[in-house]
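J.: Before anything else, here's the structure in question.
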């Protein structure tokens, strides 16, 4: 439904652009959420993008659009926008989004902009730029409510009504000591239930989750998802509260991380590349293919060793694809399950042996089922018992080994802190291919006596 | 770090259980977040699980534990708990979680429990049970703040202080008309900035996103993620406000959906099965393997047709694995990119031709690179120009066709509303295998004149 709505939107806007129906366009553009506009921009030429952009009246909406646009569309678009206008837009945006955007710009441009920004804002942005993009420090916002532990509930309510009206998400009230160190957390609800003169430190929750600025964003996302919280406070090395990470940014991270894992498992790079150039896309996909190419060449030398047997019984070759396929697919199943289980925390590296044993059992059962089936087909086609038996046994071996490697390799990689998503697939599929072919020819030549 | 902490927790608890150090255990159990306890429970025997469960003092914590436990652990655990205690725990839980849990129980048990629950609570739960598990109605909570459009800001603040203290997440104040129909939304912040006597309808935002009870949870998640909102109101067919879906449930959905997609692409079922039995795991993985088995058997009959050529030039067989592999892997890359792009909205079914053309270009370039490389190896090994050329050309064909099918099939499936994640992988890999083998033997027998 969402995509249906966007489709209609894109088509209406294109039609209005062709007709140059400015009044109508202006109305639509200002009524549409910037997140939807960013989708429309993907289908438009740069000049039409600029036209629509200039029609946006609300500076805040321009800001939201800035943070929603794809990286390449954004960098082309801002080429045509006056620096002063950019600065004005950035000053209406949340600091974490500004830092992301500034980080994408070429150095000279970002320096000019930071210089022109108001001092307070640019200092906050530069503060955030110090942290790695993918860390808690890089994704936090410095807008949060921090109250001193000594004030009363009444004073807290008063200060909220006066000072903190512009805070993005005012649901957690953090409590700090005189040095700005995080000591507790409270909520609007707590403030209104206690007696007005109670000091915060008497009723605040002291058991508060926090993360360090340097923590990886994936870890932060896991914590927020695990404990169902809406924001997590970020502290520096001395436990001083420096920002919060909010749940809306966590959603983006969880989706990004899932995308990365899917692409890495398929050996298709890390970033989503379909919106990038053919050249970039090709380059990011070359490496894994090289691993599988080397595997294929090794298989080729192994088969070459059995050339004599093959010239006697040429039909042996006909079973190579099915044996390789069955092994490869079970291996992919096992490694996908284990990689995803490790990523979501449903599997734990400690459980390596129980997981591997279970996968091996599954692989063996599946191997027996399909080994029997494929053996029957072989018997029906060539009517040679020894051949049917060789093929069936090879399928069992190949599928068992594949399930074993498919589960053990990601587990082992995770244990030595190598990302299982990126390392497992090339390694598993390549090894399974080589082992399958080797087993098959060894078994067949032995049983058939050639 | 999170898994590191859990590891230490599990080990301490196991050690204390062996030593029967009840006082110490009681302290740890009551200090630990239920989400962490649920992880600990995975490594414990049922009797130890019961022992720990009985040590939990806080009824609410028991409730959180109920909703965090894996399905099979939960259903074993509640066997040993008194119905009256279960009822008491459920009455302290959010209604959506209760509905989930009741839905998992055997019919007689859930009926007994619903009967024993207080009327108001059980009616809410039964209300939720009417909606499909995976719809907005099934995941919403019926606790929200709805204010009449005619009341003033002052009256709204007063009613918040009196009536709505128990609402889970009080950041959106929904505004309804006399029939309970959703007409707008406001916020605490708006209430305190306007003059106290202003009626809500004068300053509320009338442009409010809402979803229908029957909307698929994946769609709901997309909307919440797209517009960075913390909760989305759910309305029935007549636009009456019946509940809200909050962002913490959305996070779980986004992770689940990513897991489903990953497993479906690998043909490994839909649900994460590693915590389930070997039998269930085997059964969910059989179907896709059957598709690939049939593909392998077709490839086997194709190769069988070239038996004559193979007995003359047995080494032809040696190149089967590398040609199949290269095609299969490019196909997996393309379909993973497209399936994920469609799931996240980064690709749109409308763009089918530009995406397919781009993938085809990438496949052709990669094919040329690796075709050349593998051809050189063939030339080096067998010193037959026609063979090297056949192998190189086959790799190019196989990789181009694979990229073409890998991108076109998911796009086409999405267009006719078949889930691209579940349908693409078996179809693509099987077709690519058959086509690769066929091309290879056709090209080789023609060029080598056998």
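Chains as they are written, first to last, in the working numbering: chain A, 44 to 493; chain B, 44 to 493.
All residues carry an ideal CB built from backbone N, CA and C; glycine is no exception.
What is the DSSP secondary structure of residue 216(B), reduced to helix, strand or coil?
T.: Reduced to three states, the DSSP call for residue 216(B) is strand.
J.: May I have the straight-line CA-CA distance separating residue 81(B) from residue 431(B), to the nearest angstrom?
T.: 59 Å
J.: Mind reading off the beta-carbon distance from residue 406(B) to residue 442(B)? Whole number of angstroms is fine, and I expect it under 8 Å.
T.: Right, their Cβ atoms sit about 5 Å apart.
J.: In the DSSP assignment, what are the bridge partners of residue 137(A)?
T.: In the DSSP output, where bridge partners are listed per residue, residue 137(A) has none listed.
J.: Scan the region 353-371 of chain B for residues whose Cβ lies nearer than 9 Å to a Cβ of chain A and list them as they occur along the chain.
T.: 353, 354, 355, 356, 357, 358, 359, 360, 361, 362, 363, 364, 365, 366, 367, 368, 369, 371
J.: Within 10 angstroms of its Cβ, does residue 456(A) collect 16 or more other Cβ (buried), or is it exposed?
T.: buried
J.: Between which two residues does the alpha helix (DSSP H) carrying residue 184(A) extend?
T.: That residue, residue 184(A), is in no alpha helix (DSSP H); it is neither H nor E in DSSP.
J.: Distance, Cα to Cα, residue 490(A) vs residue 384(A)?
T.: 40 Å
J.: Any residues in the region 399-426 of chain A with a beta carbon nearer than 8 Å to a beta carbon of chain B? Which ones, in chain order?
T.: 401, 404, 405, 408, 409, 412, 413, 416, 417, 420, 424
J.: Could you confirm whether any beta carbon from chain B is found closer than 7 Å to the beta carbon of residue 476(A)?
T.: yes
J.: Using a Cβ cut-off of 8 Å, pull out every chain B residue sitting near residue 373(A), in sequence order please.
T.: 328, 332
J.: At a cut of 8 Å, does the region 364-380 of chain A reach the region 445-454 of chain A through at least three beta carbon pairs?
T.: yes
J.: So, does the CB of residue 260(A) fall closer than 7 Å to a CB anywhere in chain B?
T.: Chain B contact via Cβ: absent.
J.: Work out the CA separation of residue 301(A) and residue 465(B) for me, nearest whole Å.
T.: In this structure, the straight-line span from the alpha carbon of residue 465(B) to that of residue 301(A) is close to 17 Å.
J.: What residue range is occupied by the uninterrupted beta strand (DSSP E) comprising residue 289(B)?
T.: 284-289
J.: So, does the CB of residue 61(B) fall closer than 7 Å to a CB anywhere in chain A?
T.: Judged by the 7 Å Cβ criterion, residue 61(B) is not in contact with chain A.
J.: With distances taken from CA atoms, which of 250(A), 175(A), 174(A) is nearest residue 226(A)?
T.: 250(A)
J.: Taking only runs of the beta strand (DSSP E) that begin and end inside the region 213-280 of chain B, which ones reach a length of at least 3 residues, in chain order?
T.: 216-219, 225-229, 274-278
J.: Return the chain-ordered list of same chain residues with a C-beta closer than 8 Å to the C-beta of residue 158(A), the five sequence neighbours on each side being excluded.
T.: 165
J.: Counting only runs of 4+ residues fully inside the region 74-137 of chain B, write out the alpha helix (DSSP H) ranges in chain order.
T.: 77-85, 89-98, 102-111, 114-122, 126-134
J.: Counting contacts by CB-CB distance shorter than 7 Å, is residue 347(B) in contact with chain A?
T.: Yes, residue 347(B) counts as interfacial toward chain A.
J.: When the Cα atoms are used, what is the spatial distance from residue 241(A) to residue 137(B)?
T.: 29 Å
J.: What residues in the region 305-316 of chain B have a beta carbon less than 9 Å from any beta carbon of chain A?
T.: Under the 9 Å Cβ criterion, the region 305-316 of chain B contributes 305, 306, 308, 309, 310, 311, 312, 315, 316.
J.: Tell me the DSSP secondary structure of residue 427(A) in three-state form.
T.: coil
J.: Starting from residue 194(B) and walking both ways along the alpha helix (DSSP H), at which residues does that stretch end?
T.: Where residue 194(B) is concerned, there is no enclosing alpha helix (DSSP H), given that its DSSP letter is neither H nor E.
J.: Any residues in the region 255-289 of chain A with a beta carbon nearer than 8 Å to a beta carbon of chain B? Which ones, in chain order?
T.: 258, 262, 265, 266, 267, 268, 269, 270, 271, 272, 273
J.: Roughly how many whole angstroms lie between the Cα atoms of residue 153(B) and residue 145(B)?
T.: 6 Å
J.: Could you give the first and the last residue of the continuous alpha helix (DSSP H) run that contains residue 158(A)?
T.: Looking at the DSSP string, the run of the alpha helix (DSSP H) that includes residue 158(A) is 150-159.
J.: Taking the alpha carbon of residue 258(B) as the point to measure from, which residue in 307(B), 167(B), 247(B), 275(B) has its own alpha carbon closest?
T.: 275(B)
J.: Does the region 264-275 of chain A come into contact with the region 254-269 of chain B, if we say contact requires no fewer than three beta-carbon pairs (one atom in each stretch) closer than 8 Å?
T.: no
J.: Whose Cβ in chain A lies nearer than 7 Å to the Cβ of residue 339(B)?
T.: 364, 365, 368, 369, listed in chain order.
J.: Using a Cβ cut-off of 7 Å, which residues of the region 87-105 of chain A contact any Cβ in chain B, in chain order?
T.: none
J.: Counting only runs of 4+ residues fully inside the region 390-474 of chain A, write out the alpha helix (DSSP H) ranges in chain order.
T.: 395-425, 428-458
J.: If we define contact as Cβ-Cβ less than 7 Å, is residue 336(B) a contact residue for chain A?
T.: yes
J.: Count the other C-beta atoms from every protein chain shown that fall within 10 angstroms of the C-beta of residue 423(A), then say buried if there are 16 or more, exposed otherwise.
T.: exposed
J.: Quick one, which residues of the region 290-302 of chain A are near chain B if we go by CB-CB under 8 Å, in chain order?
T.: 290, 291, 293, 294, 295, 297, 298, 301, 302
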